[in-house]
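Colleague:
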Amino acid sequence: MSDTPDETTTWPELAIGLYDRLTGRNAEITYEFEDMEVDVPSTTGEDPEYAYWRVDGTLTIKTRENE
Amino acid sequence: MTTASTRHQPAETVAELLDTLEDRPALAVDADLTVHLDGTPIEVTGYEDVVALDFPSLSALRSRWQGSPVDAMDMAAVLSSVGLTAEIRVRGVPLARVGDAAVPGRLAGLLGLGPVELVPEGALLALVTRRRG
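Sequences listed follow chains E and R, in order. Counting from 36, one number per residue, gives the positions in the first sequence under this note's numbering. Counting from 17, one number per residue, gives the positions in the second sequence under this note's numbering.
Here is the structure:
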């Protein structure tokens with residue numbers, strides 16, 4: 036198989052990917068974090084600085100009707 | 017030659033992201049999170065169209081704001097495009113709002129904060145209010 040899987044390489048791409056999963060399906064995405072630790076790069080370019088994040092709790096995202 | 021996919025080019029800039037988000041439905045966020053950012057605890061609470069970010073002190077907020085890799089203008093535009101408002105709090109006291117429901121004032125512009133709605137009494141309250149418990 037010649038196709039390679041789509042990879043997210045930028046923050047906007049990540050946001051759109053999330054939207055595409057939600058839009059049109061009335062979907063709801065719930066993330067439950069239990070002391071997740073991650074080093075978040077400031078950019079996707081070369082030599083980014085990293086911020087250390089620790090996340091604990093619940094996040095639910097869904098679409099709503101435009102008012 | 018046929019095109020195998022109708023997938024658009026991925027958005028790589030905020031402007032491209034805004035174009036892609038145009039006419040899409042708004043988001044609703046429910047959140048009950050504690051995020052430690054380089055050791056600073058930030059309480060994140062989502063109320064559908066408002067996401068509150070509660071910082072432990074004014075200095076922690078200032079440090080995070082100045083070190084943010086995201087420009088305030090871009091942040092406001094992206095939040096507005098998905099129908100969300102971020103409310104910035106210090107120890108539970110609202111100081112500022114950015115995004116869809118924010119009404120930016122002249123003071124924020126004069127202070128170089130960008131399209132931010134300031135809650136003028138918030139800063140004073142945050143200075144005198146101590147965390148309970």
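Glycine included, every Cβ here is placed at the ideal spot set by N, Cα and C. Please read all numbers here as calculations on a predicted model, not as lab measurements.
Check this for me: beta carbons of P69 (chain R) and I58 (chain R), under 7 Å apart or not?
Modeller: Pro is not the amino acid found at residue 69 (chain R); the sequence shown has Leu there. Taking 7 Å as the Cβ cut-off, L69 (chain R) and I58 (chain R) qualify as a contacting pair.
Colleague: So if DSSP puts D91 (chain E) in a beta bridge, which residue, or which two residues, is it bridged to?
Modeller: Partner(s): R:T50.
Colleague: Within the same chain, show all residues whose beta-carbon is closer than 6 Å to that of T56 (chain R), passing over the 5 residues directly before and after it, in chain order.
Modeller: A76
Colleague: Is the shortest distance between the beta-carbon of R89 (chain E) and the beta-carbons of chain R less than 7 Å?
Modeller: So yes, R89 (chain E) belongs to the interface.
Colleague: Hey, does G9 (chain E) have any beta-carbon neighbour from chain R nearer than 7 Å?
Modeller: As displayed, chain E neither begins before 36 nor continues past 102, which places residue 9 (chain E) out of reach and without an answer.
Colleague: Report buried or exposed for V73 (chain E), applying the criterion of at least 16 other Cβ atoms within 10 angstroms of its Cβ.
Modeller: exposed
Colleague: With 7 Å as the threshold, decide whether the Cβ of A42 (chain R) is near any Cβ in chain E.
Modeller: yes
Colleague: Cβ closer than 7 Å: which chain R residues qualify as neighbours of I64 (chain E)?
Modeller: What I64 (chain E) touches in chain R: nothing, since even the nearest Cβ is about 10 Å away.
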